[in-house]
Structures are given as structure tokens and as C-alpha cells.
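Enquirer: Quick note on my numbering: the sequence shown kicks off at 173 and runs consecutively. Every residue gets a Cβ at the ideal spot worked out from N, C-alpha and C, and that includes glycine.
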Amino acid sequence: MIKSDNVYIDIGDCRRLLGGVERGSVAAAITSPPYNIGKPYGKYKDKLPLPEWEDLISEVSGRVYEALKPNGSFFLNLSPIPYGADREILPLPYIGYKILKDAGFYIRNIIVWTFNNMQNCVNRLSGRYENILWAVKNLDDYVFNLDEIRLPYLTKNDKRLEGGPGRNPTDVWYFNRVNNMTKKSLGLTHPTVYPLEMIERIVLMSTQPGDLVLDPFMGSGTTAVAALKLGRKAVGFEIDGEYEREILHRLRNEAKLEI
Ligand SMILES: C[S@@+](CC[C@H](N)C(=O)[O-])C[C@H]1O[C@@H](n2cnc3c(N)ncnc32)[C@H](O)[C@@H]1O
Numbered sequence: 173m174i175k176s177d178n179v180y181i182d183i184g185d186c187r188r189l190l191g192g193v194e195r196g197s198v199a200a201a202i203t204s205p206p207y208n209i210g211k212p213y214g215k216y217k218d219k220l221p222l223p224e225w226e227d228l229i230s231e232v233s234g235r236v237y238e239a240l241k242p243n244g245s246f247f248l249n250l251s252p253i254p255y256g257a258d259r260e261i262l263p264l265p266y267i268g269y270k271i272l273k274d275a276g277f278y279i280r281n282i283i284v285w286t287f288n289n290m291q292n293c294v295n296r297l298s299g300r301y302e303n304i305l306w307a308v309k310n311l312d313d314y315v316f317n318l319d320e321i322r323l324p325y326l327t328k329n330d331k332r333l334e335g336g337p338g339r340n341p342t343d344v345w346y347f348n349r350v351n352n353m354t355k356k357s358l359g360l361t362h363p364t365v366y367p368l369e370m371i372e373r374i375v376l377m378s379t380q381p382g383d384l385v386l387d388p389f390m391g392s393g394t395t396a397v398a399a400l401k402l403g404r405k406a407v408g409f410e411i412d413g414e415y416e417r418e419i420l421h422r423l424r425n426e427a428k429l430e431i
């Protein structure tokens with residue numbers, strides 16, 4: 173367990189541990205669950221029968237709904253995956269959409285996260301995106317700090333350039349995946365580390381300083397690092413105790429947490 177004034181991270185199954193998060197206390201939940209594609213996570217076996225995987229995501233989504241404030245947001249990262257013996261493409265974001273609706277959420281955006289560094293295919297188009305489903309509890313009342321995430325205008329002679337506020341980053345985001353060299357330099361071994369800047373954008377747009385940010389599938393702890401770096405608080409869970417050291421290292425090294 174990692175515990176300080178601003179962070180609480182426990183090792184175990186998030187389905188059980190989410191029950192301990194105070195109802196209505198979380199401003200945003202940001203997570204990348206296991207995709208059921210056999211990633212080498214260590215303790216967790218990333219190859220469940222599909223109905224079991226759906227049950228996992230449903231149960232977690234229901235508990236996240238309870239933990240969120242009435243104006244809270246849930247960012248659920250999922251991607252199309254090659255699945256089964258014939259490696260047919262299975263669109264997990266479609267399944268996630270149905271699960272989020274059944275849990276009571278409304279969908280605000282389906283963000284396309286695109287990147288370059290991924291395997292090249294020879295028998296189909298190479299996959300270059302994942303989705304982040306932005307779900308809210310109330311379409312009339314949710315946090316969206318657009319001014320915190322504006323980008324420079326694209327065209328040089330755009331009149332808005334002078335003194336303009338910058339452009340909306342749109343629902344297509346380019347953030348390269350974290351490669352092995354970067355992981356090595358940060359002292360990380362986890363197989364699927366989120367790009368930190370992408371999670372910082374989500375934290376900035378959906379929460380205020382001091383707010384609580386949740387990640388039920390913490391992995392190497394990127395969500396907690398982003399939250400603490402930006403003056404928020406973090407709560408989350410990871411089933412594999414091997415990653416606790418990695419999370420603690422990142423909180424000390426990247427978020428400068430003194431613990
Ligand atoms: C896709 S990874 C998350 C990576 C993370 N976003 C990062 O940047 O490092 C999913 C993680 O969920 C963990 N996991 C799987 N089932 C879990 C469960 N029931 N409760 C908590 N963690 C679980 C896996 O061990 C794995 O580390």
C-alpha cells in the first residue's frame with residue numbers, strides 16, 4: 173500500500189477495493205483496463221473468456237459510477253484488438269460503449285488516440301489508434317476546462333493568433349506510445365505505460381486543483397503521477413504487487429512525492 177496525504181494506492185482486485193472509495197468523492201476516473209490480448213502483466217492473466225472480461229469492465233464501470241461526483245467524468249481507454257484463433261478484429265470500444273450506457277453514463281466524446289510506433293502488419297492495415305470514451309454522469313453539468321488544454325493555432329496567418337486563446341485540441345489526439353528506451357530511462361518494466369502528457373491533458377480538462385482522480389487499473393501509476401504533478405490527489409488499485417515498487421519509484425521520481 174502507498175499512502176500519504178495526497179495519494180492512496182492499494183494492491184488487490186479493484187472490484188473489491190473500489191468499495192472502499194467514498195461515494196461521490198472522485199472528480200475523474202481515468203483508466204486503461206487489460207484488453208484481454210495476453211499481455212505479460214505478471215500476476216494477472218490477460219486472456220479471459222470474453223463474457224468474463226465484459227463482466228469485469230461492467231462491474232468496474234458500475235463502481236466507478238458510484239465513486240464519481242455528480243459532475244464527474246470517466247475516461248475509459250479501449251482499442252480494437254485482433255482476437256481468437258483467426259485474429260478477427262474485435263472492436264472493444266463498441267463493447268465499452270454498451271457497458272458505459274448500461275452503467276448509467278452519457279458519452280461526451282469518443283477520443284481517437286493515434287500514434288506511430290506500433291507493429292507493422294502485412295495482411296491488413298497496421299493499427300494506429302485506440303479510443304478513449306469520455307463518459308459523464310450528467311450532460312448538463314460536468315467539468316470541461318477547455319482553456320487549460322488549448323493548442324497553438326495551425327495556420328500562421330490565422331487572425332486569432334494575436335491574443336487569441338488557442339484552438340480546441342479536437343477529439344483526435346497524437347501521443348506516441350511509450351517506447352522501451354523511454355521506459356528504461358524512467359526505470360519501468362510495465363508492458364503498457366500510458367503517455368504521461370496525454371493523461372495530464374485529461375486531468376487538466378476534467379478536474380480542478382485539489383480534486384481526487386481515480387485509476388482502478390493503475391499499472392505503472394501514470395494516472396497517479398499526472399494527478400500529483402498537477403496538484404490533484406490520486407487513488408487507485410493494481411492487482412499485481414510487483415508493480416507497487418514501480419509506482420512508488422514514479423511517484424518519487426516524476427511527481428517528486430516525498431514518501
Ligand atoms: C493496461 S494496464 C494499465 C497501464 C497503466 N495505464 C500505465 O500507464 O501504466 C492494466 C493493469 O491492470 C491490472 N489489473 C488487471 N486486473 C485487475 C484487477 N481486477 N484489479 C486491479 N488491477 C488489475 C494489470 O495487472 C495491469 O497492470
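Alpha carbon to alpha carbon, how far is Ile209 from Ile253? Give it in angstroms, no decimals.
Expert: To locate residue 253, count along the sequence shown from 1; it is residue 81. To locate residue 209, count along the sequence shown from 1; it is residue 37. Straight-line Cα distance between these residues: approximately 7 Å.
Enquirer: In this structure, how does DSSP classify Arg339 when only helix, strand and coil are distinguished?
Expert: Indexing the sequence shown from 1 puts residue 339 at position 167. Strand, per DSSP.
Enquirer: Val284 bridges to which residues according to DSSP?
Expert: For the purposes of this step, residue 284 is identified with residue 112 of the sequence shown, where counting begins at 1. Beta-bridge pairing links Val284 to Asn303 and Val344.
Enquirer: Identify whether Thr379 lies in helix, strand or coil by the three-state DSSP scheme.
Expert: For the purposes of this step, residue 379 is taken as the residue at position 207 of the sequence shown. In this structure, Thr379 counts as coil in the three-state DSSP scheme.
Enquirer: From which residue to which residue does the beta strand (DSSP E) around Pro242 run?
Expert: Walking along the sequence shown from the start, residue 242 turns up at place 70. Start and end: Leu240 to Leu250.
Enquirer: Per DSSP, what are the beta-bridge partners of Ala433 in this structure?
Expert: Residue 433 is absent from the structure shown; the chain starts at 173 and stops at 431.
Enquirer: Closest by CA to Pro206, which one among Asn178, Met390, Ser357 and Arg235?
Expert: By 1-based counting over the sequence shown, the position of residue 206 is 34. When each option's Cα is compared against that of Pro206, the closest is Met390.
Enquirer: Compute the minimum distance between the beta carbon of Asp412 and the heavy atoms of ligand 1, and state whether it is under 7 Å.
Expert: For the purposes of this step, residue 412 is identified with residue 240 of the sequence shown, where counting begins at 1. Yes, Cβ of Asp412 sits closer than 7 Å to a heavy atom of ligand 1.
Enquirer: Can you find the residues in the same chain that come closer than 8 Å, C-beta to C-beta, to Leu376, ignoring five residues on each side of it along the sequence?
Expert: Within the sequence shown, residue 376 is the residue found at index 204, counting from 1. Hits under 8 Å: Asn317, Glu320, Ile321 and Leu402.
Enquirer: With a threshold of 16 other CB atoms inside 10 Å of the CB of Ile431, please say whether the residue is buried or exposed.
Expert: One-based indexing of the sequence shown puts residue 431 at position 259. Per the 10 Å Cβ criterion, exposed.
Enquirer: Tell me whether the beta-carbon of Pro388 lies closer than 8 Å to the beta-carbon of Thr203.
Expert: Your numbering for residue 388 matches position 216 in the sequence shown. Your numbering for residue 203 matches position 31 in the sequence shown. The answer is yes: Cβ separation under 8 Å.
Enquirer: Can you list, in chain order, the residues of its chain with a C-beta nearer than 6 Å to that of Ala275? Leave out the 5 residues immediately preceding and following it.
Expert: Numbered from 1 along the sequence shown, position 103 holds the residue referred to as residue 275. So the list reads Ser233, Gly234 and Tyr237, once near-sequence residues are dropped.
Enquirer: Buried or exposed: Ile411, going by 16 or more other Cβ atoms within 10 Å of its Cβ?
Expert: Sequence index remark: in the sequence shown, residue 411 carries index 239 (1-based). The residue in question, Ile411, is buried, as its Cβ has 16 or more Cβ neighbours within 10 Å.
Enquirer: Just the C-alpha distance for Leu297 and Lys270, rounded to the nearest angstrom, thanks.
Expert: To locate residue 297, count along the sequence shown from 1; it is residue 125. To locate residue 270, count along the sequence shown from 1; it is residue 98. Leu297 and Lys270: Cα-Cα distance of roughly 26 Å.
Enquirer: Say yes only if the C-beta of Pro205 is nearer than 7 Å to one or more non-hydrogen atoms of ligand 1, and no if none qualify.
Expert: Taking the first residue of the sequence shown as position 1, residue 205 is located at position 33. Correct: Pro205 has its Cβ closer than 7 Å to ligand 1.
Enquirer: Would you mind stating whether Leu423 and Val179 have Cβ atoms separated by less than 8 Å?
Expert: Indexing the sequence shown from 1 puts residue 423 at position 251. Indexing the sequence shown from 1 puts residue 179 at position 7. Yes, Cβ-Cβ distance for Leu423 and Val179 is below 8 Å.
Enquirer: When burial is assigned at 16 or more other CB atoms within 10 Å of the CB, is Gly408 buried or exposed?
Expert: Locating residue 408 in the sequence shown gives position 236, where the first residue counts as 1. Gly408 is buried by the Cβ-count criterion.
Enquirer: State the beta-bridge partners of Ile229 as determined by DSSP.
Expert: Mapped onto the sequence shown, residue 229 falls at position 57. DSSP output for Ile229 lists no bridge partner at all.
Enquirer: Please classify Asp319: does DSSP put it in a helix, a strand, or coil?
Expert: Here the question's residue 319 lines up with position 147 in the sequence shown. It is helical.
Enquirer: On a CA-only basis, which of Glu231, Trp285 and Asn303 is nearest Arg188? Give me that one, please.
Expert: Taking the sequence shown and counting its residues from 1, the one referred to as residue 188 is at position 16. With distances taken between Cα atoms, Arg188 lies closest to Glu231.
Enquirer: Could you give the DSSP three-state label for Lys270: helix, strand or coil?
Expert: As a working mapping, residue 270 is identified with position 98 in the sequence shown. Lys270 falls in the helix class under three-state DSSP.
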